[in-house]
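The next block holds one structure in the form of structure tokens; read it before the comments.
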Amino acid sequence: MTRYLVIRLLESAVTVWGVVTIVFFSLRLTGDPVLLLLPLGSTPDQVEQLRHALGFDRPLPLQYLVFLEHIVRGDFGISTRFGSPALPVVLERLPATMEVALLAMLVAALLGGAAGIVAAMRPNSRFELAAMGAALLGQATPVFWLAIMLILVFAAWLHWLPSGGFGGLDHLILPVITLATYSSASIARLLRASLLAVRAQDYHRTARAKGLAEWRILLRHLLKNALIPVITVFGLQVGLLLGGAVITETVFSWPGEGRLIVQAIQNRDFPVVQAATCVFAIMIIGVNLLVDLTYSVLDPRIRYAEGE
Amino acid sequence: MWKAVRRSPAGMLGWVVFMFFVLTGTVGQFATPFDPIAQNLADRLAPPGAPASGGGVHLAGTDQLGRDILSRLIAGGRITLAVGLLTVFVGGTVGCVLGVVAGYYGGWPERLIMRLADIQLAFPFVLLALIVIAVLGPSLVNLILVLAFTSWVDYARVVRGEVLSVRRREFVEAARAIGARDARLLARHVFPNVYTTIIVIATLQLAKIVILEASLSFLGLGVQPPTPDWGRMLAEGRDFVATAWWLAAFPGLAILLLVLSVNLMGDWLGTYLDPRLRTLGRANAREVSA
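If you read the protein sequences in the order shown, they are chains A and B. Using this note's numbering, read the first sequence as starting at 68 and increasing by one per residue. Using this note's numbering, read the second sequence as starting at 48 and increasing by one per residue.
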């Protein structure tokens with residue numbers, strides 16, 4: 068287990084390094100980042116001065132090494148828009164994003180989980196039809212459209228909820244619904260399919276033959292086995308949720324990471340873009356590492372004694 | 048195949064709606080009720096069903112510049128479909144080739160490709176596209192490249208897995224034993240066993256890409272005006288949502304319907320093309336209709 072953990076941690080470190088490298092070189096693709104930082108119409112002298120000050124006159128491999136060294140120390144440079152170090156600017160917004168994302172994940176797990184279980188336990192029922200129909204719709208609905216329609220109905224027409232901004236619980240409801248819809252739908256569909264597959268197995272028939280109560284079979288025999296693919300997807304959903312946060316926060320003017328990134332990209336505030344990308348990547352890689360470790364708890368056959 | 052379509056109402060619905068979008072996206076271009084980019088300030092923000100000042104009816108209303116929304120939806124569908132299909136082609140080709148290389152040859156190419164896939168998966172989909180478009184500048188070609196770049200991973204991972212399992216089967220061993228070369232093995236024995244999976248992934252990818260393309264256009268990084276585009280129309284309609292809901296409602300509905308039809312087709316294809324599922328007969332039809 069320890070050996071597996073060490074290997075996985077090393078692999079994760081390599082992945083983070085890869086993300087950082089892609090970010091570094093993608094921002095150099097267009098050629099001169101200095102021109103992007105200066106206002107239009109700057110004199111060649113000013114350009115040269117800034118280039119030297121930021122170290123862009125050095126050879127690219129050297130720049131890359133310096134960049135890596137700074138990042139290891141948590142130094143992503145100074146935000147051109149906020150005039151302060153980029154990493155704190157990014158971390159400051161993290162709680163607001165987590166608030167929505169975690170709530171959305173919770174809603175998705177509960178709602179999607181319940182719908183998936185009932186649909187699988189009552190096949191061919193009206194409920195199954197309704198739940199799976201809703202799930203299909205949920206998977207096809209564009210996040211930003213859902214957001215706008217929710218604003219239209221609940222803010223503009225009914226005046227029940229605020230249309231955006233940061234505040235109390237009522238400000239959270241619409242963004243959370245928006246963000247949770249797609250994930251709930253995927254989880255419901257996957258859990259249903261996975262439960263149906265498990266129900267076809269011999270041990271399910273054995274458990275029934277023993278006369279166990281249906282809910283007991285569900286908890287002790289079915290869910291444990293059906294959850295493995297669901298948890299894998301849950302790990303992948305983190306990436307989707309964070310991506311969805313970019314759009315949800317933009318529409319609801321929620322002061323989180325997603326809106327920060329969109330604004331930073333529009334303002335060409337690249338230190339912030341780089342820092343935020345790295346923070347996102349580390350979160351996604353971390354969650355997927357946790358997901359892999361959860362497998363061994365759910366399924367003793369996967370123990371990772373010999374590494375992968 | 049037609050029989051199998053008829054047996055699954057949901058699958059059939061998916062095909063019918065998708066073909067409708069293909070028709071409007073190709074032939075419909077020449078029969079839009081109004082010029083999709085002609086402005087008519089006298090008729091601005093007309094509600095759905097309002098008569099046009101020059102004769103005719105704006106069935107889906109007009110936008111803030113008096114452009115007919117239905118005509119713009121039809122014109123925008125062409126862009127969405129073209130970008131989606133081209134992306135599926137480019138991303139699918141790259142992903143499949145890399146997946147085959149990784150699964151069939153193994154060794155360091157496999158490790159490199161799979162590590163790249165992991166790195167890619169650690170990037171939120173939208174974020175990567177945002178950065179690349181912001182750096183390269185928004186244009187149709189960049190849009191397709193970026194979308195293709197974000198979509199190769201799914202193909203590569205699944206194809207690699209399939210190739211790995213096919214490679215060790217007896218018929219491949221046998222073909223190798225009688226001296227077949229790699230190219231022949233791949234084309235005659237491996238590919239026929241993985242192409243159904245590829246088609247299913249491609250369908251699901253198409254649905255994903257339609258939404259991603261609209262998201263990028265929504266954020267102003269996709270198709271540039273005056274070309275009509277569903278995501279862009281939505282973004283413009285957002286400012287008028289309280290007074291003129293039809294501006295944002297219809298483009299979103301179009302995206303939803305297209306994605307839904309593609310997903311239904313994908314579900315149906317998945318069960319139809321998988322012989323293991325097809326033999327289940329009744330269960331198969333139920334699976335698709337759910």
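Heads up, the beta-carbon is just placed ideally off N, CA and C, and yes, glycines get one too. Keep in mind that this is a model prediction, so the values were computed, not measured.
Can the beta-carbon of residue i be found less than 9 Å from the beta-carbon of residue j?
| i | j | result |
| --- | --- | --- |
| Val147/B | Leu233/B | yes |
| Leu177/B | Val130/B | no |
| Ala175/A | Ile254/A | yes |
| Val300/A | Met350/A | no |
| Phe91/A | Val339/A | no |
| Pro94/B | Ala295/B | no |
| Gly144/A | Leu174/B | no |
| Asp165/B | Thr82/A | yes |
| Ala312/A | Ala207/A | no |
| Phe340/B | Gly278/B | In this structure chain B extends from 48 to 337, so residue 340/B is not present and cannot be described. |
| Leu246/A | Ala198/A | no |
| Leu120/B | Pro275/B | yes |
| Arg140/A | Ala181/B | no |
| Val247/B | Gly150/B | no |
| Leu163/B | Gly85/A | yes |
| Asn355/A | Leu159/B | no |
| Ile332/A | Val210/A | no |
| Ser198/B | Val270/B | no |
Under 8 Å from any heavy atom of the ligand NAD, does the C-beta of residue i make it?
| i | result |
| --- | --- |
| Gly323/A | Inclusion of the ligand NAD in the displayed structure is not the case, the ligand content being empty and no account of it being possible. |
Which residue from the options puts its Cα closest to that of residue i?
| i | options | result |
| --- | --- | --- |
| Gln76/B | Ala107/B, Gly124/B and Ile116/B | Gly124/B |
| Asp110/B | Met66/B, Val144/B, Phe287/B and Leu174/B | Phe287/B |
| Ser146/A | Ala312/A, Leu217/A, Leu121/A and Leu357/A | Leu121/A |
| Ala201/A | Pro162/A, Leu219/A, Ser250/A and Leu173/A | Ser250/A |
| Arg91/B | Gly72/B, Ile126/B and Arg114/B | Arg114/B |
| Leu213/A | Cys345/A, Pro242/A and Asp336/A | Pro242/A |
| Leu161/A | Thr245/A, Phe347/A and Ala207/A | Phe347/A |
| Leu327/A | Asp359/A, Leu158/A and Gln113/A | Leu158/A |
| Cys143/B | Pro83/B, Ala282/B, Val237/B and Gly267/B | Val237/B |
| Leu268/B | Val210/B, Leu187/B, Ala203/B and Gly154/B | Leu187/B |
| Thr79/B | Ser118/B, Gly96/B, Phe68/B and Phe65/B | Ser118/B |
| Arg256/A | Val358/A, Arg75/A, Phe123/A and Gly180/A | Gly180/A |
| Leu217/A | Val318/A, Asp359/A and Leu77/A | Val318/A |
| Thr140/B | Thr318/B, Val206/B and Arg214/B | Val206/B |
| Trp387/A | Glu115/A, Arg125/A, Ser230/A and Arg266/A | Nothing can be reported for residue 387/A: it is not among the residues displayed for chain A, which extend from 68 to 375. |
| Ile298/A | Leu360/A, Thr164/A, His137/A and Gly232/A | Leu360/A |
| Thr248/A | Glu281/A, Ile284/A, Arg272/A and Leu203/A | Leu203/A |
| Arg215/B | Asp201/B, Val69/B, Tyr152/B and Gly96/B | Tyr152/B |
| Ile352/A | Thr69/A, Glu78/A, Val73/A and Val364/A | Glu78/A |
| Leu145/B | Glu209/B, Met59/B, Val179/B and Val64/B | Glu209/B |
| Gly205/A | Glu157/B, Thr73/B and Ser308/B | Ser308/B |
| Leu307/A | Ile225/B, Pro156/B and Lys255/B | Lys255/B |
| Gly235/A | Ala163/A, Arg272/A, Ala274/A and Glu195/A | Ala163/A |
| Leu178/A | Ile244/A, Leu132/A, Val87/A and Ala280/A | Ile244/A |
Item to check | Contact residues within the segment 322-340 of chain A, judged by C-beta distance below 7 Å to chain B | outcome: Here the close residues are Ile328, Val329, Ile332 and Val340.
Item to check | Contacting positions in the segment 236-263 of chain A - beta carbon closer than 7 Å to chain B | outcome: Listed in sequence order: no entries.
Next on the checklist: What ranges does the alpha helix (DSSP H) occupy inside the segment 183-252 of chain B, keeping only unbroken runs of at least 4 residues that lie completely in it?
Outcome noted: 187-214 and 217-224
Item to check | Near-chain B residues of the segment 138-151 of chain A - C-beta to any C-beta below 9 Å | outcome: none
Checklist entry - What residues from the segment 177-193 of chain B come within 9 Å of chain A, judged by C-beta to C-beta, listed N to C? => result Leu177, Ile178, Val179, Ile180, Ala181, Val182, Leu183 and Gly184
Checklist entry - Along the chain, which unbroken stretches of the beta strand (DSSP E) at least 3 residues long are found entirely within the segment 113-193 of chain B? => result none
Next on the checklist: Check whether the segment 296-303 of chain B and the segment 216-223 of chain B are in contact - that is, three or more C-beta pairs closer than 8 Å.
Outcome noted: The segment 296-303 of chain B, when compared against the segment 216-223 of chain B, does not touch it at the 8 Å Cβ threshold.
Checklist entry - What residue ranges within the segment 166-232 of chain A form continuous alpha helix (DSSP H) runs of no fewer than 4 residues, ordered along the chain? => result 193-207 and 210-217
Checklist entry - Which residues, in order along the segment 147-171 of chain B, keep a beta-carbon less than 7 Å from a beta-carbon of chain A? => result Cβ contacts with chain A come from Arg162, Asp165, Ile166, Leu168, Ala169, Phe170 and Pro171.
Checklist entry - Does the segment 153-173 of chain A come close enough to the segment 216-224 of chain A that 3 or more CB-CB pairs lie under 8 Å? => result Contact between the segment 216-224 of chain A and the segment 153-173 of chain A is absent, with fewer than three C-beta pairs closer than 8 Å.
Item to check | chain B contacts made by the segment 74-86 of chain A, where a contact means CB separation under 8 Å | outcome: Glu78, Val81, Thr82, Val83, Gly85 and Val86
Checklist entry - In chain order, which continuous runs of the alpha helix (DSSP H) of length 4 or greater are located wholly inside the segment 262-335 of chain A? => result 269-276, 281-284, 290-318 and 324-333
Checklist entry - If you pair each beta-carbon of the segment 256-265 of chain B with each one of the segment 190-208 of chain B, do three or more pairs fall below 8 Å? => result yes
Item to check | Contact set between the segment 261-292 of chain B and chain A, restricted to residues whose Cβ is under 7 Å from the partner | outcome: From the segment 261-292 of chain B, only Ala261, Ser262, Phe265, Leu266, Leu281, Arg285, Val288, Ala289 and Trp292 have a Cβ closer than 7 Å to chain A.
Item to check | Residues from the segment 293-314 of chain B in contact with chain A, defined by Cβ distance under 9 Å | outcome: Ala295, Ala296, Pro298, Gly299, Leu300, Ile302, Leu303, Leu304, Leu305, Val306, Leu307, Ser308, Val309, Asn310, Leu311 and Asp314
Next on the checklist: Along the segment 56-85 of chain B, where does the CB come closer than 7 Å to a CB of chain A? Name the residues.
Outcome noted: none
Checklist entry - What residues in the segment 92-117 of chain B have a beta carbon less than 7 Å from any beta carbon of chain A? => result If the cut-off is 7 Å between Cβ atoms, the segment 92-117 of chain B has nothing near chain A.
Item to check | Three or more C-beta pairs below 8 Å linking the segment 304-312 of chain B and the segment 239-247 of chain B | outcome: no
Next on the checklist: If the cut-off is 8 Å on Cβ atoms, which residues from the segment 290-303 of chain A count as contacting chain B, listed in chain order?
Outcome noted: Per Cβ criterion, the list reads Leu303.
Checklist entry - Given a limit of 7 Å on CB to CB distance, which residues of the segment 340-351 of chain A reach chain B? => result Val340, Thr344, Phe347, Ala348 and Ile351
Checklist entry - Quick one, which residues of the segment 218-238 of chain A are near chain B if we go by CB-CB under 7 Å, in chain order? => result Listed in sequence order: Ile218, Leu219 and Ala223.
Item to check | Sufficient close CB pairs (3 or more, under 8 Å) joining the segment 181-188 of chain A to the segment 256-266 of chain A | outcome: yes
Next on the checklist: Under 8 Å, CB to CB, which of the residues in the segment 235-263 of chain B have a partner in chain A?
Outcome noted: Ala254, Ile258, Ala261 and Ser262
Checklist entry - For the segment 200-234 of chain B, which residues have a CB atom closer than 8 Å to at least one CB atom of chain A, in sequence order? => result none
Next on the checklist: Runs of 4 residues minimum, wholly inside the segment 111-160 of chain A: which ones carry the alpha helix (DSSP H) assignment?
Outcome noted: Runs of alpha helix (DSSP H) with 4 or more residues, each lying fully within the segment 111-160 of chain A, are found at 111-121 and 127-139, listed in chain order.
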